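Chains as they are written, first to last, in this note's numbering: chain Z, 1 to 409; chain R, 1 to 409. All residues carry an ideal CB built from backbone N, CA and C; glycine is no exception. All of these numbers come straight from a predicted model, not from anything done at the bench.
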């Protein structure tokens, strides 16, 4: 049961000039479901990506990195569900490269101009032949209007598709931003991976694309956690088709750069939060803010310690204001010289902890009231500086165990 | 349901000369249960402790550290269940000190000679008066024969008591080792804390007590994890009453030191593993060994990443050989220059992964067979050195969520 997750109607998703999407049923793992997506990009686009830091990264992630580094200009992406092509050794790399080659031949481009993405079960052989056989149908299906369809086709055990758009004016020209994402655990029970794709028709020089992509990821996908497990396949790719009629953005600090980044961040945050709202077994959406830190790094450490704690997460599931668990998580976050007597904690508007102990005015009923909400904000002040950060997570329910304990069938 | 956890019969637990234990019902949180334990130690014992690294450590942990540092010789310990006296600010410290003072007055010793321990719900006021009122009965109950009784009295939501003994000869003199522990999550749902207490009548100079205690903890309690949550109250204390008739051990490297440490480690490992076997909702006992690392530190990082992964733990619960999750956890353990093509993985005797991919001879049925066992050994080789380590953990079941989502009642 997704938590307050709104699905954007297909006709409210903005087409992006210079980019077409096609999907088909390739039968990668199961029949009768769209499991293969191609994204066809006109010549001249700026493209950048950020990928999982997992050292056991999947073959397609390795190939994406190589192809982006080759610098020949990205012209297509191919995304399959049903198989993650991870933990597949040398053979997996061969199959990821073969997929790129097949699509490149059909489009008459170079294999290095194709980015491959796979999501699904780990440690099984990618059925490359079925993917290759499905490519012509996916290409034939390509249309600027297929964002909603793509959001559906990249789903694995997501319960709802995730797609959002925004518009913004750059130098008087209206440009569009659209994006899709998938994932409901950092690794899905069977189906691995978080994927995020965003595109805009705005003009952004390739020189700032990597910075833009990294900053967008940092403000969105890098702030979410379901279970703390970092997938082997996580990928986030941003495309600027450069087809809008304005001067190219060459600095993110310019007014134009700021405006575009703000619009894109708005979509990226929605896409990232949608993954949490659709988190495995999630019944609550929780914002964890740590403020008063010396550095943002230590705030993030503390925020993730809280957001990853199974004890904190089960307490949210139970609507149990067992709030000492949050203090304990902050305490073991690895901030060596933390002074517990300076800690303050709020649960929404309720002041729970002051000077490291229970606030005199705090009553269990007040904590209980907030814990029963479907959206909860935890705010902890460390009292040692002015840095802050926020991460988003969900609770930990019986359903999570059920989903993840299921056989891969 | 504890996993293969054997309970030592009371008459097989060794008395330790110079140390008596008494318990009583003080009604700290609930009536009709033993919830207060005192340990009375003859003058002249060597005592050391290791405590939680959680910066949000509980008041009794702070007082223990102060009293051990005071160096006046420890003569008594007082342990209550039902309330952890953690997250209680300055008032908590006052109450922990008052508890020590009360016991010191009854025993005619200094307050600094008393170590206090509390385990139970966090962020609630310690009912010091009830504890003080119970002390005379606990003292009156004191006997060398009460190890089993103490193992019962320090339980919170443990399903079984944990107590073990060993004997060893030092210079022809038979000495005894006894220990008890409690805890079933790093933080219990309501009842916080891992506690471990060991004693021997062997003669150990105070100069090596801290090293002995730290090394014992490192080989036992520091190798277990239920859920990765580090308690605010974790404490492990070792007492040598120095009453056996042999020359004091002044070096752990001596044959006598080695012999004693080996016997003590045997008990410490049993006490630590008992906590995992009785882990919240545990249905399986899992050893995770990482070998072929450059350093023990990186082996430990990888072992804990595997042992903490909710995805790995739910797969064990389901007996599902979804073994890519183990690879993924090793991959995100933070070993930056890990080469995935060198990774080998065994599940008991089954060779699952070679050179980072599925082993040609691996069949799902073989993985399935091992996953169905109640005790499972995972062995991952990183192929980059000769360091290794082992940690012990349990699976992650519906019962874990049920236990931790329960209201504090």
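- Interface with chain Z (8 Å Cβ-Cβ cutoff): residue 209(R) is excluded.
- For the 8 Å CB-CB criterion, residue 220(Z) and residue 269(Z) form a contact.
- Proximity of residue 396(R) to chain Z, defined by a Cβ-Cβ separation below 8 Å, is satisfied.
- Counting C-beta pairs closer than 8 Å gives three or more between the stretch 235-249 of chain Z and the stretch 16-25 of chain Z, which meets the contact rule.
- Minimum Cα-Cα distance from residue 93(Z) among the listed residues 303(Z), 136(Z), 116(Z) and 158(Z) corresponds to 116(Z).
- If you ignore the 5 residues before and after residue 354(R), its C-beta comes within less than 7 Å of the C-beta of 344, all in its own chain and listed in chain order.
- Residue 348(Z) and residue 376(Z) do touch by the CB rule: their CB atoms are close to 7 Å apart, below 8 Å.
- Around the beta carbon of residue 273(Z), 16 or more other beta carbons sit within 10 angstroms, so the residue counts as buried.
- Sequence-ordered contacts of the stretch 89-109 of chain Z with chain R read 89, 90, 91 and 92 [C-beta pairs closer than 9 Å].
- Against chain R, the CB of residue 213(Z) has no partner CB under 8 Å away; the residue lies outside that interface.
- A contact is defined here as three or more CB-CB pairs under 8 Å, and the stretch 395-405 of chain R fails this definition with respect to the stretch 320-333 of chain R.
- Short of 6 Å from the beta carbon of residue 149(R), and not among the five residues preceding or following it, lie these beta carbons of its own chain, in chain order: 23.
- With respect to the 8 Å criterion, residue 207(Z) and residue 250(Z) are classified as neighbours on the basis of their beta carbons.
- Boundaries cannot be given for residue 31(Z), as no alpha helix (DSSP H) includes it and DSSP labels it neither H nor E.
- Residues of the stretch 114-134 of chain R with a C-beta less than 9 Å from any C-beta of chain Z: 121, 122, 123, 124 and 125, listed in chain order.
- At a cut-off of 8 Å between C-beta atoms, residue 361(R) does not count as an interface residue with respect to chain Z.
- In this structure, the straight-line span from the alpha carbon of residue 392(Z) to that of residue 107(R) is close to 53 Å.
- For residue 323(Z), the closest Cβ of chain R is nearer than 8 Å.
- For residue 293(Z), the enclosing beta strand (DSSP E) starts and ends at 285-293.
- Using beta-carbon distances, residue 164(R) does not count as an interface residue toward chain Z, since no partner is under 8 Å.
- Residue 236(Z): member of the beta strand (DSSP E) spanning 235-240, first to last residue.
- For residue 356(Z), the chain R residues whose C-beta falls within less than 8 Å of its own C-beta are 56, 87 and 89, listed in chain order.
- Residue 394(Z) carries a strand assignment under DSSP once its states are collapsed to helix, strand and coil.
- Here residue 41(Z) is bridged, per DSSP, to 19(Z).
- Exposure of residue 374(R) is indicated by the presence of fewer than 16 other C-beta atoms within 10 angstroms of its C-beta.
- Restricted to the stretch 153-221 of chain Z, the beta strand (DSSP E) segments that are unbroken, complete and at least 3 residues in length are 162-170, 173-182 and 195-200, listed in chain order.
- The contact set of residue 304(Z) on chain R, defined by CB atoms closer than 8 Å, is empty, because the minimum CB distance reaches about 12 Å.
- Residue nearest to residue 77(Z) within the set 88(Z), 152(Z) and 49(Z) is 49(Z) (criterion: CA-CA distance).
- Contact between the stretch 35-52 of chain Z and the stretch 137-154 of chain Z is present: 3 or more CB-CB pairs across the two stretches fall below 8 Å.
- Counted as a single uninterrupted DSSP element, the beta strand (DSSP E) harbouring residue 117(Z) occupies residues 114-121.
- Taking C-beta atoms as the reference points, residue 181(Z) and residue 286(Z) fail to come closer than 8 Å.
- Shown here for residue 166(Z): same chain residues with a beta carbon closer than 6 Å to its own, the five before and five after excluded, namely 177, 263, 266 and 267 in chain order.
- If you look at residue 276(R), you'll find it in the alpha helix (DSSP H) that goes 255-277.
- Listed by position along chain R, the residues whose Cβ is nearer than 8 Å to that of residue 335(Z) are 55.
- Rounded to whole angstroms, the Cβ separation of residue 65(R) and residue 51(R) is 6 Å, and the two are in contact under 8 Å.
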